[in-house]
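In what follows, a structure is listed as structure tokens, so that the remarks can point back to it.
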Amino acid sequence: MATEPPRAPVPTAVTAPPPAAGTERRRLEVASLSAYYGHAEIVRGVSITFRDREVTAIIGPSGCGKSTLLRCLNRMHETVPTAHVAGSVSLDGRDIYAKGVNAIEVRRHVGMVFQRPTPFPTMSIRDNVAAGLQILGRDKPSRAETDHIVEDALKRAALWDEVSTRLTDSAIGLSGGQQQRLCIARALATRPAVLLLDEPTASLDPISTQKVEELVYELRRDMTVVIVTHNMQQAARVSDRTAFMLTGELVEIAATNTLFTTPSDSRTEAYITGRFG
Amino acid sequence: MMDRNASRGPASPPKPPLRTTRPSVMQRAAAERAQTTIGRRRLVNVVMVGVTFGAAILATLPLIFILGHLIAAGASSINLDFFTQIPKPPGEAGGGMANAIVGSLVLILAASAFGLPIGIGAGLYLAENRGTHLANAVRFLSDVLNGLPSIVMGIFAWQFLVKPMGKFTALAGGIALGAMMIPLVTRTTEEMIRIVPVSLREAALALGYSRWRTSLVVVLRTALPGIVTGALVAVSRIAGETAPLLFTVLGNQFWSASLRGPIAALPLQIFNFAISPYDQQHSLAWAGALVLIGIVLIISLAARFATRSRFGLGGD
Chain A
0 MATEPPRAPV PTAVTAPPPA AGTERRRLEV ASLSAYYGHA EIVRGVSITF RDREVTAIIG
60 PSGCGKSTLL RCLNRMHETV PTAHVAGSVS LDGRDIYAKG VNAIEVRRHV GMVFQRPTPF
120 PTMSIRDNVA AGLQILGRDK PSRAETDHIV EDALKRAALW DEVSTRLTDS AIGLSGGQQQ
180 RLCIARALAT RPAVLLLDEP TASLDPISTQ KVEELVYELR RDMTVVIVTH NMQQAARVSD
240 RTAFMLTGEL VEIAATNTLF TTPSDSRTEA YITGRFG
Chain B
0 MMDRNASRGP ASPPKPPLRT TRPSVMQRAA AERAQTTIGR RRLVNVVMVG VTFGAAILAT
60 LPLIFILGHL IAAGASSINL DFFTQIPKPP GEAGGGMANA IVGSLVLILA ASAFGLPIGI
120 GAGLYLAENR GTHLANAVRF LSDVLNGLPS IVMGIFAWQF LVKPMGKFTA LAGGIALGAM
180 MIPLVTRTTE EMIRIVPVSL REAALALGYS RWRTSLVVVL RTALPGIVTG ALVAVSRIAG
240 ETAPLLFTVL GNQFWSASLR GPIAALPLQI FNFAISPYDQ QHSLAWAGAL VLIGIVLIIS
300 LAARFATRSR FGLGGD
């Protein structure tokens, strides 16, 4: 991404106060974040910035804390008993771990897709996509608006053409790859600012993987995407920047091309050349 | 020897000189052993399939036998009067069990209204708070309650409901039956909720669902077919209970659908008629038993049909 075309201004930037130089594309800032299960420190003092309209890939060997780091970004980490977090994560300058910030509110703005597809088995395809809209209380869209949002989300997830004639069918009748794109559509329907993907293609076949990767590549147009992956080729294919983690620490983060060709840390080099992990 | 080697083609390795053309004794024994092993396995397989098939038939035989006998002995007494008339005084011909049928339905409804919400709520709590001391204690006590003889439940209902109220009431019977449903419903609810994958719960939480909404809308709904099946098993079990009713609802020869007084119930009516000296009442008792089984069957089918989700984790 050396020759980056100039990006169109964000619509909200018109009304928002002009950001300080160099910070205009920062969306999610993690500052000395540590995450624990009980006494075990899984993520150790990680500081990392995820920029707006970029795909950041997090790679590293199993158990290096990359999924845990991801789960800290939408406060899912704390849903596990004994899990807790120290440090801060700021979404558009607001600390999501500050007192008085509701985790539920955070999760509405930071969507997440998991390793395995998780369609709600009792709901139709349409209702699955609309699931996140049903809980908006007073802001809940009307039926017609919901239909429109569902169609839009399914189109963005590149699933519309495959399911448009059977929106009322069960979501578990879809193939694994379709289910995963359905879950992405479900996450997109609430228009999150950030989308977190936790090894989204780990349980998919190559064709479905390719579709999801193309989709991720498209999503950068209007959101921040963070993808955790085991697969270095995948990180190279879909991401603008790549972060390498080892034993809970962030070893380095760089433009994807740079990290895979001229890593600055010897441990990164050892990992990407296949000497361990 | 020459023939054999020729037929095997030039690629075959030279044979050791001691080998004869015919298979040795050892080889024949091994082949025979292999034959008999396979033969024995086939035999064992056939026998075991036969035995389990027989067991499967025997398992359903009691029901078939009971149903057959009930139809033979009671079907002749089932007519319009049976469903519309109240019992005639002893010795008089005719009469029916309409009041007992209504009474049993009232009792089932009252028991369900009391037992299902508590049982499902407790099951949800146990599933969502596994491993806590309270959950372990509740689970253990629930199992103990499940093993409590129904007559003991009746005595307790009499002591704590009938005596303070000063009269036998359908309400006391409903509560006694409902209390018997609670442990059954609690355990099946917990089991059904536990098999809902954690990933579904996480998916809902990640969408911004609150914990209670995740439990109710996603987890409970996914587990619903199984929970309904569990509730039906509980209803079927209490529908025929007689012992708790002896101490609580007493029975009633007349029309009553009120929760605040004694009420007739099929099991009680069957019991009373079966021990009476009149043949005509005996055949009414048989008919009553047949109707009781029929009601349980209809409730099961109707509720299962009503809750049969177009999709879901299967209701069976």
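Here the protein sequences line up with chains A and B, keeping their order.
Under numbering that gives the first Met the number 0, read the first sequence as residues 0 to 276, first letter to last.
Under numbering that gives the first Met the number 0, read the second sequence as residues 0 to 315, first letter to last.
The beta-carbon is built from N, C-alpha and C at its ideal position, and this holds for glycine as well.
Name the DSSP beta bridge partners of ARG277 of chain A, please? Chain A is shown from 0 up to 276; residue 277 of chain A falls before or after that span and cannot be answered.
By the three-class DSSP mapping on this structure, what secondary structure does GLY229 of chain B have? helix
CB of VAL161 of chain B within 9 Å of CB of PHE246 of chain B, strictly: yes
Whole runs of the alpha helix (DSSP H) within the stretch 90-173 of chain A, excluding any shorter than 4 residues: 102-108, 124-129, 142-155, 159-162
Once DSSP output is grouped into helix, strand and coil, what is the label at LEU72 of chain A? coil
Going by CA-CA distance only, name the one from A:PRO262, A:LEU187, A:THR241 that's closest to GLY207 of chain B. A:LEU187
Nearest chain B C-beta to THR67 of chain A closer than 9 Å, yes or no? no
Could you work out which residue in B:ASN135, B:GLY120, B:LEU199, B:ILE107 is closest to VAL112 of chain A when comparing CA atoms only? B:LEU199
Quick one, which residues of the stretch 112-135 of chain A are near chain B if we go by CB-CB under 7 Å, in chain order? PHE113, ARG115, THR117, PHE119, PRO120, THR121, ALA130, GLY131, ILE134
Give the residues of chain B in contact with MET222 of chain A, contact being defined as C-beta atoms less than 9 Å apart. By Cβ distance, chain B contributes nothing, its closest Cβ being about 16 Å from MET222 of chain A, past 9 Å.
Kindly indicate which three-state DSSP category ILE41 of chain A falls into: helix, strand or coil? strand
If we ignore side chains and look at the alpha-carbon of each, how far apart do VAL143 of chain B and ASN128 of chain B end up? 20 Å
Residue closest to THR78 of chain A, alpha-carbon to alpha-carbon, out of A:TYR36, A:ILE134, A:ARG43, A:ALA234: A:TYR36
Rounding to the nearest angstrom, what Cα-Cα distance links GLN34 of chain B and ILE56 of chain B in this structure? 33 Å
If we call anything under 9 Å between Cβ atoms a contact, is ILE298 of chain B one with VAL195 of chain B? no
Alpha-carbon to alpha-carbon, ALA302 of chain B and GLU198 of chain A: 42 Å
Inter-residue Cα distance where the pair is ASP80 of chain B and GLU91 of chain B: 14 Å
Output, in chain order, the set of chain A residues within a Cβ distance shorter than 7 Å of SER198 of chain B. PHE113, ARG115, THR117
Rounding to the nearest angstrom, what Cα-Cα distance links LEU181 of chain A and SER103 of chain B in this structure? 48 Å
Determine the contact status of ARG138 of chain B and LEU125 of chain B, defining contact as a CB-CB distance below 9 Å. yes
Any beta carbon from chain B within less than 9 Å of ASN230 of chain A's own beta carbon? no
Is it true that the CB of VAL50 of chain B sits closer than 9 Å to the CB of LEU115 of chain B? no
For the beta strand (DSSP E) that contains VAL277 of chain A, what are its first and last residues? The structure shown has nothing for residue 277 of chain A, since chain A only spans 0 to 276.
Identify every run of the beta strand (DSSP E) within the stretch 107-146 of chain B, keeping only runs that are complete inside it and at least 3 residues long; order them along the chain. none
Which stretch, first to last residue, makes up the alpha helix (DSSP H) that contains LEU219 of chain B? Neither: LEU219 of chain B is in no alpha helix (DSSP H) and is coded neither H nor E.
Distance, GLN233 of chain A Cα to GLY273 of chain A Cα: 15 Å
Which one of A:THR267, A:ARG219, A:ARG240 has the shortest CA to CA distance from ASN256 of chain A? A:ARG240
Using 8 Å as the Cβ pair cut-off and three pairs as the minimum, do the stretch 171-187 of chain B and the stretch 93-111 of chain B touch? yes
Write down the C-beta distance between THR223 of chain A and ARG106 of chain A rounded to the nearest angstrom, noting that I regard them as a contact closer than 8 Å. THR223 of chain A to ARG106 of chain A, Cβ: 15 Å. No contact.
Inter-residue CB distance, ILE192 of chain B and VAL218 of chain B (contact presumed, cutoff 8 Å): 6 Å
Between the stretch 82-90 of chain A and the stretch 242-257 of chain A, do three or more beta carbon pairs fall short of 8 Å? no
Quick one, which residues of the stretch 212-226 of chain B are near chain A if we go by CB-CB under 7 Å, in chain order? ARG212, VAL217, ARG220, THR221
Mapping DSSP to helix, strand and coil, what is TYR270 of chain A? helix
Alpha carbon to alpha carbon, how far is VAL216 of chain B from ASN98 of chain B? 40 Å
Show which residues of chain B have a CB atom less than 8 Å away from the CB atom of ILE103 of chain A. GLY207, TYR208, SER209
Residues in the stretch 75-93 of chain A having any Cβ partner in chain B nearer than 9 Å: MET75, THR78, PRO80
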